[in-house]
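Engineer:
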Amino acid sequence: MPKPPSRRDEGPASGLSRRTFLKTAGVGAAATSLVGVGGRAEGATVLGPGPVPLSLKVNGAARTVTVEPRVTLLDALRDHLDLTGAKPVCDRGGCGACTVLVDGDPVCSCLMLAADAEGQEITTVEGLGTPERMSPLQAAFVECDALQCGFCTPGFIVAGTALLARNPDPTLDQIKDGLAGNLCRCGTYGRVFEAVQKTAKARAPRGKARRG
5 MPKPPSRRDE
15 GPASGLSRRT
25 FLKTAGVGAA
35 ATSLVGVGGR
45 AEGATVLGPG
55 PVPLSLKVNG
65 AARTVTVEPR
75 VTLLDALRDH
85 LDLTGAKPVC
95 DRGGCGACTV
105 LVDGDPVCSC
115 LMLAADAEGQ
125 EITTVEGLGT
135 PERMSPLQAA
145 FVECDALQCG
155 FCTPGFIVAG
165 TALLARNPDP
175 TLDQIKDGLA
185 GNLCRCGTYG
195 RVFEAVQKTA
205 KARAPRGKAR
215 RG
């Protein structure tokens, strides 16, 4: 199964909406089913149906899990590696609460199989910082009070980290666009945007004019 498209490819600029992606994923699943009925794709690696060992590189460390091929990356992280920062909420890539970085790109881990993550660099919110040594963005979330229930916060921080990595000086509109795949049911968007702006401003060279 191919790696789901990075969330940075979403939105009007790329012409790929969430609805279009889900429709495409459905067509792909149907095609896969037909291959299973008619025969095996040439050169395909067959896993399962029982649990199989997988080697995952998570937060810079090699980790081994033994799971069924149908297990998602989200479930492998939470249930087998005790990394519970990524949250299971919608289970369909619609809310961003399960966002992790895969080779630096923000990905909804509920849409990716653990088997497809082998050989790639996975970073969860736990890998960005700790309560004792928070990342700049994590610290800004605390300082700006950019959380209420906190359930969506890890996904926002991971997505925000990816945004600042590719655009260290984003405008407010670019921040909104970069975090568009994440939903906050408490409506704390203004504080979230403020936290990202604060982090970007702290990184900017002295004397550099800030954009609005």
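All residue numbers for the sequence shown refer to the numbering used here, where the first residue is 5 and numbers rise by one.
Where a beta carbon is used, it is the ideal one built from N, C-alpha and C, also for glycine.
Please read these numbers as outputs of a predicted model, since none were measured by experiment.
Rounding to the nearest angstrom, what Cα-Cα distance links Leu167 and Gly182 in this structure?
Structural biologist: Approximately 6 Å between the Cα atoms of the pair.
Engineer: Taking the beta strand (DSSP E) that Val71 belongs to, which residues open and close that run?
Structural biologist: That run of the beta strand (DSSP E) goes 65-71.
Engineer: Among Pro172, Gly97, Thr68, Asp95, which has the Cα closest to the Cα of His84?
Structural biologist: Closest by alpha carbon: Thr68.
Engineer: Between the C-alpha atoms of Met138 and Val56, what's the straight-line distance to the nearest angstrom?
Structural biologist: Cα to Cα, the separation comes out at about 35 Å.
Engineer: Does Ser59 come out as helix, strand or coil in the three-state DSSP assignment?
Structural biologist: Strand, per DSSP.
Engineer: Check for me: the alpha helix (DSSP H) holding Val111 runs from which residue to which?
Structural biologist: Run containing Val111: none in the alpha helix (DSSP H); it sits in the beta strand (DSSP E), 109-112.
Engineer: To the nearest angstrom, report how far apart Asp109 and Arg82 are at their CA atoms.
Structural biologist: Computed Cα separation, rounded: 20 Å.
Engineer: With 16 as the cutoff for other CB atoms within 10 Å, does Gly159 come out buried or exposed?
Structural biologist: Gly159 is buried by the Cβ-count criterion.
Engineer: Assign Ala66 to one of two classes, buried (16 or more other C-beta atoms within 10 Å of its C-beta) or exposed (fewer than that).
Structural biologist: The residue is exposed, with fewer than 16 neighbouring Cβ atoms inside 10 Å.
Engineer: In the structure shown, what three-state DSSP assignment does Val129 receive?
Structural biologist: If DSSP states are grouped into helix, strand and coil, Val129 belongs with the helices.
Engineer: Compute the beta-carbon to beta-carbon distance between Ala163 and Gly131, rounded to the nearest angstrom, for a pair I have assumed lies under 8 Å.
Structural biologist: Actually they are not in contact, since the Cβ atoms of Ala163 and Gly131 sit about 14 Å apart, beyond 8 Å.
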